[in-house]
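A.B. asks:
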Amino acid sequence: MTDYSPTLVTAKDEIGVVKAGKEGKIRICGTQQAQRAVNEFSKYGLISFSRKQMFKSSDYSFHFIKPVRKLKELYNLGDEVLILCCNNSLTGFKSRTKDFLDYLLSSKEEFKNRLDKVTCFVVDDSENIEDIIKIDRAQNPDTRLIVPFSYSELDSGLTDEFLQSRLRTFLYERDLFGIAAPLQDENLFFGKDRTNLIAELYGKYRHGEHGGLFGLRRIGKTSILNLLLQRVDQSSGVAIYLDCSKYHHHRWNTFLHQIVTDIEKRYHDKNDRLLRFLPDDFSLPAEASRYNEPKAPISFEEDLSSLYNALGCTRILLIFDEIEQIGYSTSPSEHWKTGNDSLFFWQTIRSVFQTNPSLLSFIITGVNPKSIEIAKINGIDNPIFNGLTAQYISLFDLDDVRKMVTNIGGYIGLRFDEEIFTKLIDDYGGHPFLIRQVCSRMNSEVLNRHEVRPYVFSKYNYEKHSNDYQSQMTGVIEQILGVLQDYYPSEYELLKTLALDGSVAFKKKLRFGESAAMHLLGYCLIKKDGDDYFVRIQSISKYIVDKYRYDRTLTDWGDKLTRISIRRNNIEKKLREIVSTQFQLKFGKRSKEHLINQLKNTTKDTSQEPKLLSKDFKSAVQEIYFSQLKFIIVKNWPDYEKLFNDRVKFEQFFDIINSFRADAHAKELAEEDEAILNIAFKYFENALNDF
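Residue numbers (the numbering used here): 11 to 701.
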């Protein structure tokens, strides 16, 4: 158990130890209230900087504190932490104070590499600033950790107990691992290769080149794009982020119009933290007819050129995310999926940058680079075929995982044995979102057990619960793999083959899908070692094996016979449970009476009725024959219609399963019979899956 009783103030001037107080002859800026507040903080660190500034018509004073060693260790604080003192910020907290925090912690180069980017202190004259921050945190689950105080609280003195209680409330009770939204800043951004990717994509923009970024869902594409957009903004560039899932309902020509409209709107908004803006009197022509199909390409080039000139002749970066949504053969809208919208759209974009290379560049992102690999669209050359190099987002290596888990865990009072990082790589392949979600479950366990933090997770604790963690990741894995099932089924089938039947079967199928294998390697779902292939992420391999356990190829008839028996028995067991439940709901205490009455004359076995009469209802249901289950369900079809939908299919597939009883067949089934039986099994397994 952690001892919080010793004072946080460090009196000795040792190497690496910060003394509390003020650095040199520093003058504390701000109101008298702010000065008193900062003096209270100076008990727990060295005040190293102080300044007063107006921002968006509000006065602030801000100060830097170098926390004493114990405070840094307990709460994973940086070398210097921001203290922001506000006045009358209650009504404008979200719009003004948070913007100023972002400006100081993310945008201002003078402080960017000096301050802790995640944690800061805010002191306000509002008595309920604590509630304001809690409400804002619930509504806006971003990565900034704001620890609030009111001036009146600090006027009464800042004690060890009070300071640590407030820190634990606003740091330890926040699940930073559980944040699912794409990152909007670099506070919790990790991964060496990802940082290099941003630099590389930014370099392409500066040189007028185009980029393509691809990877699985939840791999971090949108976070990378957000940080790329931020970097363009900070360098006085011009960029617009376009989530194609919002635009696929547009036709190609109206989407072009929407692009220039969005650029104009973004660079007119003086509230956005941009370094470049359009003149106040600038506006694009409003006539909608300018973007009818014959005129749209010319109008788009004219409007883009006008924006380019008005923004200081700065190249415009178009970032297209979720490119599948406007892709030929992948879009949910028919005019993109089977029509010529994709062709006409990219013809227009290509003609603009070929005519004027300084005007724009673009980046497309999605799961799969199919949009640049298709040579023809409805028989006509694809305008962006091989027009850019596809780059994939890699998984984290051991150092990346260690850094991410250690840093995030440190902020919320969690420590991890070194062996856990290796185990996370083995189980989740270095997929950052999966790893963060697992750590979120671990954090919840600590919270539910009311453990004192900092809390150390041992490797034994992880191993004990690792199977449970993997089971809890099923929903996330389904989300990650869902896009392959929906848009790229051939790749999904290849992955299934590798997980179920191994490398030899996988390589046999490769003869018909070399590009699909390259994509799977790019996603980092599979790995090649010599001549063999392996599923790289154990939790995904386990998910596939569990979900498709009956699809594995078997060659031995004995193994097939065993599997047939297991599947049939599972189906029979669920059918008996469903009939039992439905009868009890419908007939209550008279369930057995109705069951026996309905079964009269369904069998030549004269001993069945006495057996049923001698047992309780649930035991009686277990005694009836498999074929009688069909009779009962058909006789009461309205009670089961929603479950099985099609009565004809139900009867046909039931008869197939009943006629191909494994225990009735000493000889091997013909290949066609196996296939028919498998279809019948799947019909019932899918219908009964959620029961």
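C-beta: ideal position from N, C-alpha, C; glycine also.
All of these numbers come straight from a predicted model, not from anything done at the bench.
#1: With a threshold of 6 Å on Cβ separation, who are the neighbours of Gly188 within its own chain once the five nearest residues in sequence on each side are excluded?
#2: My understanding is that Gln592 touches Asp649, with C-beta atoms under 8 Å, so please give their C-beta distance in whole angstroms.
#3: Return the residue from the list Arg412, Gly349, Arg286, Gln608 that minimises the CA-CA distance to Ala323.
#4: Among Ile588, Leu252, Ser481, which one has its Cα closest to the Cα of Leu235?
#5: Provide the residue span of the beta strand (DSSP E) that contains Ala515, from first to last.
#6: My output table needs one value for Met11: the three-state DSSP class, helix, strand or coil.
#7: Does DSSP classify Arg276 as helix, strand or coil?
#8: Terminal residues of the continuous beta strand (DSSP E) containing Tyr465?
#9: Which term fits Pro307, buried or exposed, when burial requires 16 or more other beta carbons within 10 angstroms of its beta carbon?
#10: Within 10 angstroms of its Cβ, does Ser309 collect 16 or more other Cβ (buried), or is it exposed?
#11: Between which residues of its own chain and Phe159 is the CB-CB distance below 6 Å, once the five residues before and five after are set aside?
#12: Quick one: grab the DSSP three-state call for Val545.
#13: For Thr375, which residues does DSSP report across the bridge?
#14: Determine the burial state of Arg459: buried for a count of at least 16 other Cβ atoms within 10 Å of its Cβ, exposed for fewer.
#15: Could you pull out every residue in the same chain whose Cβ sits closer than 8 Å to the Cβ of Ser7, ignoring the five residues on either side in sequence?
#16: How many Å lie between Tyr318 and Leu237 at the Cα?
#17: Can you tell me whether Ala400 is helix, strand or coil according to DSSP?
#18: Report yes if the CB atom of Gln149 is closer than 7 Å to the CB atom of Ser255, and no otherwise.
#19: With which residues is His73 paired in a DSSP beta bridge?
#20: For Gln174 and Gln447, what's the separation of their Cα atoms in angstroms?
#21: Is Val456 near Tyr470, with beta carbons less than 7 Å apart?
#22: Examine the Cβ distances between the region 220-235 and the region 258-274 and report whether three or more of them are shorter than 8 Å.
#23: Leaving out five residues on either side along the sequence, give the residues of the same chain with a beta carbon under 8 Å from the beta carbon of Leu207.
#24: Starting from Leu84 and walking both ways along the beta strand (DSSP E), at which residues does that stretch end?
#25: Does DSSP put Lys386 in a helix, a strand or coil?
#26: Which first and last residues belong to the beta strand (DSSP E) in which Lys537 is found?
#27: What are the partner residues of Arg425, as DSSP defines its beta bridges?
#28: Compare the C-alpha of Ala190 against each of Phe72, Leu94, Ile445 and name the closest.
#29: Let me make sure I understand the geometry here. Which of Arg573, Thr179, Leu168 has the alpha-carbon closest to that of Thr129?
#30: Is the separation between the beta-carbon of Leu177 and that of Tyr85 shorter than 7 Å?
#31: Quick test of your reading: Leu508 and Leu585, contact by CB under 8 Å. State the CB separation rounded to the nearest angstrom.
#32: Please return the same chain residues whose Cβ sits closer than 7 Å to the Cβ of Thr484, not counting the five positions on each side in sequence.
#33: Note the first and the last residue of the continuous alpha helix (DSSP H) segment covering Asp407.
#34: Please classify Trp647 as buried or exposed, where buried requires at least 16 other C-beta atoms within 10 Å of its C-beta.
#35: Would you check if there are 3 or more beta carbon pairs closer than 8 Å linking the region 496-512 to the region 375-386?
#36: Taking C-alpha atoms, which residue in Glu429, Val493, Arg546, Asp665 lies nearest to Gly1?
C.D. replies: Considering the structure as presented:
#1: Counting from 1 along the sequence shown, the entry for residue 188 is found at position 178. If you ignore the 5 residues before and after Gly188, its C-beta comes within less than 6 Å of the C-beta of Ser450, all in its own chain and listed in chain order.
#2: Numbered from its first residue, the sequence shown carries residue 592 at position 582. Numbered from its first residue, the sequence shown carries residue 649 at position 639. Their Cβ separation, rounded to whole angstroms, is 5 Å, which keeps Gln592 and Asp649 in contact under 8 Å.
#3: By one-based count along the sequence shown, residue 323 stands at place 313. Position check: residue 323 holds Cys in this sequence, whereas Ala was assumed. If we check each option's Cα against that of Cys323, Arg286 comes out closest.
#4: In the sequence shown, counting from the first residue as 1, residue 235 sits at position 225. That would be Leu252, whose Cα lies nearest to the Cα of Leu235.
#5: What you label residue 515 is simply residue 505 of the sequence shown in a count that begins at 1. No beta strand (DSSP E) contains Ala515, which is instead part of the alpha helix (DSSP H) from 499-520.
#6: As a position in the sequence shown, residue 11 is number 1, starting the count at 1. Annotation note: pLDDT 33 at Met11 (below 50); position unreliable, coordinate value reported separately. Met11 falls in the coil class under three-state DSSP.
#7: What you label residue 276 is simply residue 266 of the sequence shown in a count that begins at 1. Reduced to three states, the DSSP call for Arg276 is helix.
#8: To locate residue 465, count along the sequence shown from 1; it is residue 455. First-last of the beta strand (DSSP E) with Tyr465: 465-467.
#9: Translated into positions along the sequence shown, residue 307 becomes position 297. Counting of Cβ neighbours within 10 angstroms places Pro307 among the buried residues, the total reaching 16 or more.
#10: For the purposes of this step, residue 309 is taken as residue 299 along the sequence shown, with counting starting at 1. It is buried - the Cβ of Ser309 has at least 16 other Cβ atoms within 10 Å.
#11: Numbered from its first residue, the sequence shown carries residue 159 at position 149. Cβ contact annotation for Phe159 (same chain, cutoff 6 Å, sequence separation greater than five): Val133, in chain order.
#12: Here residue 545 refers to the residue found at position 535 when the sequence shown is read from its first residue. In the structure shown, Val545 sits in a strand (DSSP, three-state: E or B).
#13: Residue numbering aside, residue 375 sits at position 365 when the sequence shown is read from its first letter. Bridge pairing for Thr375: Leu223 [DSSP].
#14: Here the question's residue 459 lines up with position 449 in the sequence shown. That one is exposed.
#15: Outside the displayed span of the chain (11 to 701) sits residue 7, for which this structure offers no information.
#16: In the sequence shown, the residue the question calls residue 318 occupies position 308. In the sequence shown, the residue the question calls residue 237 occupies position 227. The alpha-carbon atoms of Tyr318 and Leu237 are separated by roughly 22 Å.
#17: For the purposes of this step, residue 400 is identified with residue 390 of the sequence shown, where counting begins at 1. In the structure shown, Ala400 sits in a strand (DSSP, three-state: E or B).
#18: The residue you call residue 149 lines up with position 139 of the sequence shown. The residue you call residue 255 lines up with position 245 of the sequence shown. Taking 7 Å as the Cβ cut-off, Gln149 and Ser255 do not qualify as a contacting pair.
#19: For the purposes of this step, residue 73 is taken as residue 63 along the sequence shown, with counting starting at 1. Beta-bridge pairing links His73 to Ser60, Ile93.
#20: As a working note, residue 174 is residue 164 in the sequence shown. As a working note, residue 447 is residue 437 in the sequence shown. Distance between the alpha carbons of Gln174 and Gln447 is about 27 Å.
#21: What you label residue 456 is simply residue 446 of the sequence shown in a count that begins at 1. What you label residue 470 is simply residue 460 of the sequence shown in a count that begins at 1. Contact check for Val456 against Tyr470 fails: the beta carbons are separated by 7 Å or more.
#22: Because the criterion of three Cβ pairs below 8 Å is not met, the region 220-235 and the region 258-274 do not touch.
#23: Residue 207 sits at position 197 when you count from the first residue of the sequence shown. Cβ within range, chain order: Leu223, Ile234, Gln401, Ile403.
#24: In the sequence shown, residue 84 corresponds to position 74, counting from 1. First-last for Leu84: 79-85, but that is the alpha helix (DSSP H), not the beta strand (DSSP E).
#25: Indexing the sequence shown from 1 puts residue 386 at position 376. Collapsing the DSSP output to three states places Lys386 in a strand.
#26: Numbered from 1 along the sequence shown, position 527 holds the residue referred to as residue 537. Run containing Lys537: 536-539, per the beta strand (DSSP E) assignment.
#27: Here residue 425 is taken as the residue at index 415 of the sequence shown, counted from 1. Partner(s): Val466.
#28: Looking up residue 190 in the sequence shown gives position 180. Among Phe72, Leu94, Ile445, the Cα nearest to that of Ala190 is on Ile445.
#29: As a working mapping, residue 129 is identified with position 119 in the sequence shown. The residue from Arg573, Thr179, Leu168 with its alpha-carbon nearest to that of Thr129 is Thr179.
#30: Here residue 177 corresponds to residue number 167 of the sequence shown, with the count starting at 1. Here residue 85 corresponds to residue number 75 of the sequence shown, with the count starting at 1. In contact: Leu177 and Tyr85 (Cβ atoms closer than 7 Å).
#31: For the purposes of this step, residue 508 is identified with residue 498 of the sequence shown, where counting begins at 1. For the purposes of this step, residue 585 is identified with residue 575 of the sequence shown, where counting begins at 1. Incorrect: roughly 34 Å between the Cβ atoms, too far for contact.
#32: For the purposes of this step, residue 484 is taken as the residue at position 474 of the sequence shown. Excluding residues within five positions, the ones whose Cβ falls inside 7 Å are Tyr553.
#33: The sequence position of residue 407 within the sequence shown is 397, counting from 1. Per DSSP, Asp407 belongs to no alpha helix (DSSP H) and is neither H nor E.
#34: In the sequence shown, counting from the first residue as 1, residue 647 sits at position 637. Trp647 is classed as exposed because its beta carbon has fewer than 16 other beta carbons within 10 Å across all chains shown.
#35: The region 496-512 makes contact with the region 375-386: 3 or more CB pairs, one atom from each, lie closer than 8 Å.
#36: With the chain covering only 11 through 701, there is no way to say anything about residue 1.
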